[in-house]
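Data block below; observations after.
Number of protein chains: 2
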Amino acid sequence: MGNTPPVGRKVTLSDIAAGCDVSRATVSLVLRGSPLVNKHTRARVEEELRRQGYVYNRAAANLRRRTSSSIALVLNDLANPFFAEFAAGVDEVLGDTGYVTLLGSTGESTERELAVLGSLMEHGPAGIILSPAEGSDAQQILSAVGGVTPLLLFNREVSGDVAACDHWDRLFLDNQRGARLATEHLIGQGHQHIAFYGGHLGSSSCRQRRAGYMEAMKAAGLTVEPSWMVECIPNRLDAVAQSEQLFKGKTAPTAAVCYNDAVALGLMLGLHQRGLQPGRDFALTGFDDIAEAAVSAPPLTTLAVTPRDRGRQAAELILQRVKDPSPPPRQTIAPVQLLVRASSCPPQEPA
Amino acid sequence: MGNTPPVGRKVTLSDIAAGCDVSRATVSLVLRGSPLVNKHTRARVEEELRRQGYVYNRAAANLRRRTSSSIALVLNDLANPFFAEFAAGVDEVLGDTGYVTLLGSTGESTERELAVLGSLMEHGPAGIILSPAEGSDAQQILSAVGGVTPLLLFNREVSGDVAACDHWDRLFLDNQRGARLATEHLIGQGHQHIAFYGGHLGSSSCRQRRAGYMEAMKAAGLTVEPSWMVECIPNRLDAVAQSEQLFKGKTAPTAAVCYNDAVALGLMLGLHQRGLQPGRDFALTGFDDIAEAAVSAPPLTTLAVTPRDRGRQAAELILQRVKDPSPPPRQTIAPVQLLVRASSCPPQEPA
DNA sequence: TTGACGCTTTGGATCGTTCTAAAACGTGGG
DNA sequence: CCCACGTTTTAGAACGATCCAAAGCGTCAA
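Protein sequences appear in the order of chains A and B.
All residue numbers for the first sequence refer to UniProt numbering, where the first residue is 1 and numbers rise by one.
All residue numbers for the second sequence refer to UniProt numbering, where the first residue is 1 and numbers rise by one.
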């Protein structure tokens, strides 16, 4: 009978070594499946590991080997289903590769973002995936994470000195192309008076989506009335409230490309209040393909961004970079896919 | 001029010590804000820390002190908004207390759950918050996490030997009271023929909610027809499909307590198909207060479960347990709150 | 002069693992 | 009998921080 496992303390490699009369080094070799150890020794050690209920201490190993087995994931809003799906995708890939996810949620506060980054850095992650809070400054982030740990910027640009962060990788959605596809689709349905509704000009994604819209309109030779470009806070409530702005100009639009699904669903309510039936009297498109989009009345034409796939992709990008830091920084633009549903009807009386 | 920071290597406490001619011990004291160090020394050291861009290595400190600064958060479905909110709440509190969140997502697979727990354990978390996958076995979980690390079970029971896990803390929603409140509310509106619609009897939450419903019915002296207890898969689609079952018996219900919001929204569609207008011809309630509940037509009376608050609470519970492991395990039942909206109308002709 | 006493500072061991170089051991050829 | 050789095993120094006991130092009373 060997000794019993220690009581108040965790079982260490030395306990195992003592328990079956070999050196710590040998146990370590067994743990890492080295071919150097003799079959019988290995069996004896493995039995002892089981007997004492040994748990590997990866922190100690990482210290000695100067390695890391974690990736930090810092998100501006975990409660948002888009980012939740994204996080699930990230964790899926990281888990499969033996990395562990260090989570940090900033709640759109740049102050908290810096604090969270600082705290996570103390755990020495091998890399960082960051979806920055609005208004994040490149310089400050750089000084929080240091110049060494690889960082992948997701979904948003940061403001400030470009040179400060031009060695970061980037993963963005193809906002511009998405909005262009939606606009082209509405044009294809026969619409000529098409608005762009919702979003904040302060956000880079809104600017990109507007650019895609303008691009399609221009390419089709269609003019854009100023009253058709309406800003609103990108949630349902404000989208309802601002919807009448669309009809203040001299020509009323017959369709709208909306900044995102939440805004589109809000606009639907606003149209109802004006006596217009969306999907029959007025066509609209969203962006994101949230769960509700498929079951709204009418179902919403929108752009699928597959956040879980983006998460997986982000994880793979940062892992590549961790494995080999030498290649030049890379910017990846993820495709989005147009999902045509009933909300994007043709105009009622063809022009 | 001091030496320059090292190149390929991270800056360590020894670099700082060498850089300003003190011992490592002194630098360590400065880092931890000890009152022992002289004002001038402290200033010199702090200057050097800044100059070299020192980052604290918490893993090394944890190793030496035999402490931990992380909590593992293992969720069966991170993509579900309920758990995403929960995670955000957990991370909020943990971040404030200097802990870091180790994330693990199991995707409802018990196999993956064990793998994830094993991997996280190697990082030596101070505690674990676990929302188990369906069908998780107490024994297996216990052997994955060992008997030492505190564990908080959230939201779901695990199957198998109770004795195996009776030293775990628990945090559950008050399903029974929630359903009772909803039922009492409908009774208060004047309903007597009230159904319980949706959910799987296999799930513990469904059984608890049914129990709350029965409790209220019995207390009010109301009888329950067998045809009023209808099971369905808890999603919108199946809820539409099964809704006619409610009207197969000899007495048609005038109201229904639904298993959750998704089911309630599905039932609304089913009622429409029968020519009944929910909120006027038929009253119903949901459970969860998902985002759609407030904006459906009619807005849905439901039970708010405030997942973010639950997350905060879970974090506080596990931190308490980490701080002092001695008190006996505790089961916490979180209150749910009835939100009355237009869907729970009085019956059309008062009985 | 001595030593007792605060106030600071410090060397060295230590946490649990891995790495390196070398030792132990059996074996077979010269 | 000795040594070279392949196979296993090992002692001891790392990794970067903290803890402990003790030491340096200036001051002041005896």
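Note that CB positions come from ideal geometry on N, CA and C, so glycine has one too.
In the stretch 138–169 of chain B, which residue ranges form an unbroken beta strand (DSSP E) of at least 3 residues, counting only runs that do not cross its ends? 151–154
Pull up the distance between the alpha-carbon of A:Met-217 and that of A:Thr-223, whole angstroms please. 7 Å
Taking DSSP as the reference, what is the three-state secondary structure of A:Ala-84? helix
On the three-state DSSP scale, how would you describe A:Thr-251? coil
Using a beta-carbon distance cut-off of less than 8 Å, what residues from the stretch 96–114 of chain B approach chain A? Gly-98, Val-100, Thr-101, Leu-102, Leu-103, Gly-104, Ser-105, Gly-107 and Arg-112
Using a Cβ-Cβ cutoff of 7 Å, what residues of the stretch 259–293 of chain B are near chain A? List them in chain order. Glu-292
Listed from N- to C-terminal order along the chain, which residues in the stretch 114–133 of chain A have their beta-carbon within a distance smaller than 8 Å of any beta-carbon of chain B? Ala-115, Val-116, Ser-119, Leu-120, Met-121, Glu-122, His-123 and Gly-124
Using only alpha-carbon positions, find the residue among B:Thr-12, B:Phe-82 and B:Pro-335 that is nearest to B:Ala-179. B:Pro-335
Which residues in the same chain as B:Glu-108 place their Cβ atom closer than 8 Å to its Cβ, once the five residues preceding and following it in sequence are excluded? Asn-76, Asp-77, Ala-133 and Glu-134
Look up B:Pro-278 in the DSSP assignment and give the residues it is bridged to. B:Phe-282
Reduced DSSP secondary structure (H/G/I, E/B, other) of B:Gln-331: strand
Within the continuous beta strand (DSSP E) that includes B:Ser-105, where are the two ends? 100–105
What does A:Val-55 touch in chain B if you count any residue whose Cβ is under 7 Å from its own? Met-121, Glu-122 and Gly-146
Can you tell me whether B:Ile-333 is buried or exposed? The criterion is at least 16 other CB atoms within 10 Å of its CB, across all chains shown. exposed
Option in B:Asp-324, B:Arg-330 and B:Pro-307 with minimal Cα separation from B:Leu-173: B:Pro-307
Is there a Cβ from chain A that is less than 9 Å from the Cβ of B:Lys-10? yes
Partner residues on chain A for B:Asn-235, Cβ-Cβ distance less than 8 Å: Result: empty, since nearest Cβ-Cβ is about 11 Å, beyond 8 Å.
What does A:Asp-91 touch in chain B if you count any residue whose Cβ is under 8 Å from its own? Leu-78, Leu-103, Gly-104 and Ser-105
List the DSSP bridge partners of A:Ser-70. A:Val-100
Residues of chain B with CB under 7 Å from A:Asn-62, in chain order? Ala-59
With a cut-off of 9 Å, does the C-beta of A:Ser-28 fall near any C-beta of chain B? no
Please report the distance separating the alpha-carbon of A:Arg-65 from that of A:Ser-119. 22 Å
Any non-hydrogen atom of the ligand GTP closer than 8 Å to B:Leu-269 Cβ: In the structure on display, the ligand GTP does not appear, and there are no ligands present to speak of.
Which residue marks the beginning of the beta strand (DSSP E) containing B:Ala-304, and which one marks its end? 302–304
Closer than 7 Å by beta-carbon distance: list the chain A residues that pair up with B:Ala-241, in chain order. Per Cβ cutoff of 7 Å: no residues; B:Ala-241 is ~14 Å from chain A at best.
At a CB-CB cut-off below 7 Å, which residues of chain B make contact with A:Pro-81? Pro-81 and Ala-84
Between the alpha carbons of A:Thr-26 and B:Lys-323, how many angstroms are there, rounded? 36 Å
If you run the structure through DSSP and keep just helix, strand and coil, what is B:Tyr-197? strand
For the alpha helix (DSSP H) holding B:Gln-52, just list the boundary residues, first then last. 39–52
Are the Cβ atoms of A:Gln-242 and A:Gly-286 separated by less than 9 Å? no
For a contact meaning CB atoms closer than 7 Å, what does residue 352 of chain A contact in chain B? Only positions 1 to 351 of chain A appear in the structure, and residue 352 of chain A is not among them; the question remains open.
Name the two residues that bound the continuous beta strand (DSSP E) containing B:Gln-337. 337–339
Counting only the same chain and skipping the five closest in sequence on each side, list residues whose C-beta sits under 6 Å from that of B:Leu-94. Ile-71, Thr-101 and Ala-315
Pairwise C-alpha distance: B:Phe-196 and B:Ser-343: 15 Å
When DSSP builds the beta bridges, which residues end up paired with A:Phe-172? A:Ile-333
List the DSSP bridge partners of A:Ile-128. A:Ala-72 and A:Leu-151
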